[in-house]
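Residue numbers for the sequence shown follow the numbering used here, so the first one is 22 and each next one is one higher. The structure appears below as structure tokens.
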Amino acid sequence: MVRQLLIAILVLLPSGALAQQMPMYSQYMMNRFLLNPAVAGYDGLTTINLTAREQWMGLPYSPRTVALSLDARLIKAPPRRPGLPDRRPLTNLFRSGNVGLGGYIYNDRSGLIDRTGIQFSYAYHIWMREHQLSFGISATGFQMKIDERRMELEQDYDPLMGAYGKGLFVPDVNAGVHLWGPTYYIGLSSTQMLQSVLKFGNDGLRDFRMERVFYLMAGYTIELQNNAIVEPLIMAQSTFTSSYKIDVGSKFYYGDQYWGGLTYRSVGAVVFMVGFRFERLHFGYAYDYALNSMSHQNFGSHELMINFRFGDTQRRYRWLERY
């Protein structure tokens, strides 16, 4: 009984098929590093991002995700004579460091499934006049558990549930490429490249293999009058075997303090986004509205984001001269 129940849980995850097994975000365009390791440090800044999401609020055991990320550019500064000020422009600093590092941790609860993951990323940036080409790779892993406290078993203790309740660690590798210009960006990445196998129980239970998930993201900046900017964007997500999703939308900026956005998802949802900046802090909120019967069964999906960026002044890391 428990084995059949485990199979049903893993196949019918609330967030989609088992092949995905990735947290869902609506404001990914504000922190593309979550989906593409090549973005780590691409803008020369250090970015700390906290995202909290509750999907299908009001439904029992609805998916909940919390993610904390940090990425930075390692800036090389050549030696200078003691006592003399360093007046090099920021553009020189931006081009002098080629290495970006980053990492993030997350917890994703989806039904009875609880996943806690971690990722460490390395990116290498190549400056080509007014454009920048970046390559990135990351080592990832997550621990998956089933919350047996929420399950009603036929007996007080089941050996399979006892073993699975302790958790299963799944390692994997992600990779990506990112091209950036003054008015555009485009990135391609892949997660779960090793297609790690999940094994539950003994020989009598089938194996589950993670599928590779590919992401294609692109955006273009258009300057309007009255200090306004519009940025059309698109994001395609696919396993090429079982599922795909396409987001099409746009962000709108007024000055450098306020922004909003609207995204349509091919899976049948519309995302509304608003945000503002206070000095180095960026705050964002997203509301997902389902365009199907799900809209009458819950209060929508809500996502909060806090983003802190710093490092636009000169930074020196003497020990980085070996890179």
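Even for Gly, the Cβ is constructed at its ideal location relative to N, Cα and C. Keep in mind that this is a model prediction, so the values were computed, not measured.
Among the bridge pairs identified by DSSP, Y310 is matched with V291. Counting along the chain, the unbroken beta strand (DSSP E) around G281 starts and ends at Y279 to R286. With a threshold of 16 other beta carbon atoms within 10 Å, S287 falls short and is exposed. Looking at the DSSP output, S155 bridges to H146 and H199. Under DSSP, A249 takes part in a beta bridge, and its partners are Y275. One alpha carbon belongs to A239, the other to D268, and they sit about 11 Å apart. Remark: fewer than three beta-carbon pairs, one from each stretch, lie closer than 8 Å, so the segment 140-158 and the segment 75-83 are not flagged as touching.
By the 16-neighbour rule on beta-carbons within 10 angstroms, I139 is exposed. When Cβ pairs closer than 8 Å are counted between the two stretches, the segment 124-144 is seen to touch the segment 83-92, the count reaching three or more. One thing to note: F261 has its Cβ within 8 Å of the Cβ of F235. Out of H303, K266, V291 and S264, the CA that lies nearest to the CA of W280 is found in H303. The beta carbon of I69 sits closer than 6 Å to the beta carbons of L91 and F329 from its chain, once the five residues preceding and following it are set aside; these are given in chain order.
With a cutoff of 8 Å on beta-carbon distance, A93 and T72 are scored as not near each other. Looking at Y127, A88, G62 and R74, the one whose alpha-carbon comes closest to that of I96 is G62. DSSP places P81 outside both helix and strand once states are collapsed to three, so it counts as coil.
S217 sits away from V251, with the two beta carbons spaced by 8 Å or more. Spatial neighbours of L237 in its own chain (CB-CB distance under 6 Å, excluding positions within 5 residues in sequence) are listed in chain order as L209 and A257. Where G124 is concerned, the enclosing beta strand (DSSP E) starts and stops at V120 to S131. For the pair G118 and N57, the CB atoms are not nearer than the 8 Å cut-off. Shown here, R53 sits in a helix according to DSSP, grouped into three states. Spatial neighbours of Y205 in its own chain (CB-CB distance under 6 Å, excluding positions within 5 residues in sequence) are listed in chain order as Y241. Residue burial is scored here from C-beta neighbours: G270 has at least 16 other C-beta atoms within 10 angstroms and is therefore classed as buried.
In terms of Cβ geometry, S211 and R230 do not form a close pair [threshold 8 Å]. The beta-carbon distance between G305 and M51, rounded to whole angstroms, is 6 Å. This is short enough to meet the 8 Å contact definition.
Each residue's CA atom was taken as its position, placing G123 and H146 some 14 Å apart.
I243 is classed as exposed because its beta carbon has fewer than 16 other beta carbons within 10 Å across all chains shown. By the C-beta density criterion, L55 is buried, having at least 16 other C-beta atoms within 10 angstroms. For G321, the CB contacts under 8 Å within the same chain, skipping 5 residues up- and downstream, are W77, M78, Y308, D309, Y310 and A311 in chain order. In the displayed model, P192 falls within a strand according to three-state DSSP.
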